[in-house]
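Student: Numbering (our numbering), first residue to last: 17 to 762. Every residue gets a Cβ at the ideal spot worked out from N, C-alpha and C, and that includes glycine. Could you have a look at this structure, given as structure tokens, before my questions?
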């Protein structure tokens, strides 16, 4: 048996590691000349599992890429040649993990079921611990002989009746994990844990049946109780690290309207669309696949690509990207890609690739646990042999010393060192209006040295504000308001924000990319570009402002200016980040003048404008390759790939759902100072994690020799282990978040 760690986290497959009855060959697809298979892998929860699975698959003939996403359990394998897909699944199965064709709903259901089982096991262990300890207190109190042997034996037997079923049920997460890895020829941290629990229970049962003075049922169930606390905390935090790719895929239309050769419309599934198909796109429809306009003119909401709310005018021959929305007029378009090769799918792949990079992040707990199994097994064996051979001690006494060693060196403090700090920090950040959505986010954020901001909706409010309403005469302002109430354009909404509700103009007509017009009391009013309204001279708005023109009847044209305001606390947030030693830059899909204006206000010299989602992700990759640890702060769908590629990611609560899902932190949008507070909290959490690891190491250095010397019983060992866990928890409670302890409602 190898001493290789199979899964330090101890999260084991819930079922036997057999290939699903569904034949993997039916799920293979062709992409760019390669065969691609996606499998759902159960039981892989750590960097050791990931590297073991990917390493085994890349050794197969023809495999060019094997990538496992730990958050979703999705395994992506690509190969060239005649490799049998069943061989891929069987290779994963042979390592001790369940492999089946990837189905997100099944993966979610399995994760939820495992979490419910942990809660039930924790409840059972807690009940057993409390009741057995009540019985044990009576036995301890009678140490002077007040309790007779018969009464003591009865106490032990009652404890056995409580402990045995509790151990059998609550120990399943550890027993299954240990058995599966042992069958696969490996070992993990759950092997010595299972040995300690089973041996303590078995020896205690033997003592109880034979009238022994000491039984250690309380040690066995207490050990399970504390370990299950750590196991559930770890699972709960992992479940929060959901994939944003699923939210992006939800933006793909399920059906589309395809025109046949005679021009007759037919509703078809979007996944059945092929390159060259002619599609009918009505106003309000989401574009199903990438393509180009065959006929028609309209406005398109392209915020998925640019992050900007202002509609984009499009005409015949213009490109359309999947996921964008047609706003005003009916279009016909020709598909230039399938659903699998369109923008939304490409962004989903970018997000998964970014999350995969996070999956390779090796936690300190994983690194320390690699030494745990071989070390503990060796020490326990030496203890047993040493007492039998060197001390000539009875087998029972020698076995008790070995069991005490297994219990006292149980990695409970080590296992809690990270999750308990994360939970405390998460709770304190929540009270400051910051939600942590990823398990290891705090540890990653603590390493960050460069923060990248999106502009629109992140540094700014993302909504236009009419900056010069007083320059427009009252009568013309009323006419403008009536026209604006009938338009969805952001400029029109900014006018309505100032003028309020009221009447709506008649005969409103909107021309994409130009403006809109209508009549008020028989007088024509136009709002839009200078040439559209008939302005004789076109003036330019101030840097960083947007401009529109309005003309009522035959009167003079007036220039209206609009500005996207900075979010509250934006300047303070940038200054606070710099004070923490972090570099700050801006990446935006907006035009250069607008980005430059915001950068000047914030004192940021490093900025990039007119960035596509791919550009943002590539910039983050370049910073990583240059040795930087980055944090991305964004709010739009176009930011999701960059959020995934960054070492840590933050988004305001007003962000798109996919952006919130992709981000590690979601903060209140009313104050960007939350970004700096989060960084401070992450650094504080890392300090306390390192302190906990140092304590856990010191504890084991002292506890192991004491147990080997036979100076502790299994019960005292369990109490010592519990005490070390308590100290780790108390240390975690000492951490603070931010420069002050002022709290905001969550």
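From residue 217 to residue 417, what distance separates their C-alpha atoms?
Tutor: 15 angstroms
Student: When you compare each of 201, 494, 229 and 187 to residue 215 by their alpha carbons, which one comes out closest?
Tutor: 187
Student: CA-CA distance, residue 749 and residue 450?
Tutor: 18 angstroms
Student: Taking the CB atoms as reference points, tell me whether residue 468 and residue 603 lie closer together than 7 angstroms.
Tutor: Pairing residue 468 with residue 603 gives a Cβ-Cβ distance under 7 angstroms.
Student: Nearest CA to the CA of residue 466: which residue from 644, 606, 244 and 99?
Tutor: Nearest C-alpha to residue 466: 644.
Student: I need the boundaries of the alpha helix (DSSP H) containing residue 403, first residue and last residue.
Tutor: Residue 403 -> no alpha helix (DSSP H), and no H or E assigned at all.
Student: In this structure, how does DSSP classify residue 44 when only helix, strand and coil are distinguished?
Tutor: coil
Student: Looking only at C-alpha atoms, which of 738, 514 and 311 sits nearest to residue 237?
Tutor: Considering only alpha carbons, the answer is 738.
Student: I believe residue 241 touches residue 142 by the beta-carbon criterion, under 8 angstroms. Please report the beta-carbon distance rounded to the nearest angstrom.
Tutor: 6 angstroms
Student: Tell me whether residue 411 is buried or exposed, calling it buried when 16 or more other Cβ atoms sit within 10 Å of its Cβ.
Tutor: exposed
Student: Please work out which residues of its chain come closer than 6 angstroms, Cβ to Cβ, to residue 208, disregarding the five sequence neighbours upstream and downstream, and give them in chain order.
Tutor: 392 and 422
Student: Among 69, 198, 676 and 563, which one has its Cα closest to the Cα of residue 657?
Tutor: 676
Student: What ranges does the beta strand (DSSP E) occupy inside the region 567 to 639, keeping only unbroken runs of at least 3 residues that lie completely in it?
Tutor: 574 to 582 and 599 to 603
Student: Do you know offhand how far residue 730's Cα is from residue 197's?
Tutor: 26 angstroms
Student: Tell me which same chain residues have a C-beta within less than 7 angstroms of the C-beta of residue 594, skipping the five on either side of it?
Tutor: 600
Student: If I measure Cβ to Cβ from residue 477 and keep anything under 7 angstroms in the same chain, skipping five residues before and after, which residues do I get?
Tutor: 580, 581 and 583
Student: Is residue 234 closer than 7 angstroms to residue 148 when the C-beta atoms are compared?
Tutor: Less than 7 angstroms divides the Cβ of residue 148 from the Cβ of residue 234.
Student: Going along the chain, which residues of its own chain have a beta-carbon closer than 6 angstroms to the beta-carbon of residue 523, five neighbours each way excluded?
Tutor: 534 and 535
Student: Taking contact to mean 3 or more Cβ pairs, one atom from each stretch, closer than 8 angstroms, check whether the region 501 to 513 and the region 472 to 486 are in contact.
Tutor: yes
Student: Could you pull out every residue in the same chain whose Cβ sits closer than 6 angstroms to the Cβ of residue 746, ignoring the five residues on either side in sequence?
Tutor: none
Student: Take every Cβ of the region 298 to 306, pair it with every Cβ of the region 336 to 344, and state whether three or more of those distances are shorter than 8 angstroms.
Tutor: Taking a cut-off of 8 angstroms for Cβ pairs, the region 298 to 306 and the region 336 to 344 touch, as three or more such pairs fall below it.
Student: Suppose you measure from the CA of residue 763 to the CA of residue 75; what does that come to, to the nearest Å?
Tutor: Here the chain covers residues 17 to 762 and nothing more, so residue 763 does not appear.
Student: Give the straight-line distance between the Cα atoms of residue 334 and residue 470, rounded to the nearest whole angstrom.
Tutor: 27 angstroms
Student: From the DSSP output, in three-state form, read off residue 685 for me.
Tutor: coil
Student: Taking the Cβ atom as the reference point for each residue, do residue 633 and residue 648 lie within a distance shorter than 7 angstroms?
Tutor: No; because the gap between Cβ atoms is not below 7 angstroms, this pair is not in contact.
Student: With distances taken Cα to Cα, identify the nearest neighbour of residue 525 among 708, 500 and 436.
Tutor: That would be 500, whose Cα lies nearest to the Cα of residue 525.
Student: Should residue 118 and residue 70 be called a contact, given that it needs their Cβ atoms to be closer than 7 angstroms?
Tutor: no
Student: Can you tell me whether DSSP reads residue 784 as helix, strand or coil?
Tutor: In the structure as shown, the chain begins at 17 and stops at 762. Residue 784 is therefore absent and cannot be evaluated.
Student: My output table needs one value for residue 426: the three-state DSSP class, helix, strand or coil.
Tutor: coil
Student: Rounded to a whole number of angstroms, what is the C-alpha to C-alpha distance between residue 496 and residue 543?
Tutor: 8 angstroms
Student: Cα-Cα, which of 56, 577, 462 and 398 is closest to residue 113?
Tutor: 56
Student: Sorted by chain position, which residues of the same chain lie with C-beta nearer than 7 angstroms to residue 752's C-beta, five sequence neighbours on each side aside?
Tutor: 700
Student: For residue 502, which residues of its own chain have a beta-carbon under 7 angstroms away from its beta-carbon, when the five flanking residues on both sides are left out?
Tutor: 520, 521, 524 and 534
Student: Can you tell me where the beta strand (DSSP E) holding residue 764 begins and where it ends?
Tutor: With the chain covering 17 to 762 only, the question about residue 764 has no answer from this structure.
Student: At what residues does the alpha helix (DSSP H) containing residue 103 begin and finish?
Tutor: Counting along the chain, residue 103 sits inside the alpha helix (DSSP H) bounded by residues 101 to 110.
Student: Buried or exposed: which applies to residue 222, given that a residue is buried once 16 or more other Cβ atoms fall within 10 Å of its Cβ?
Tutor: exposed
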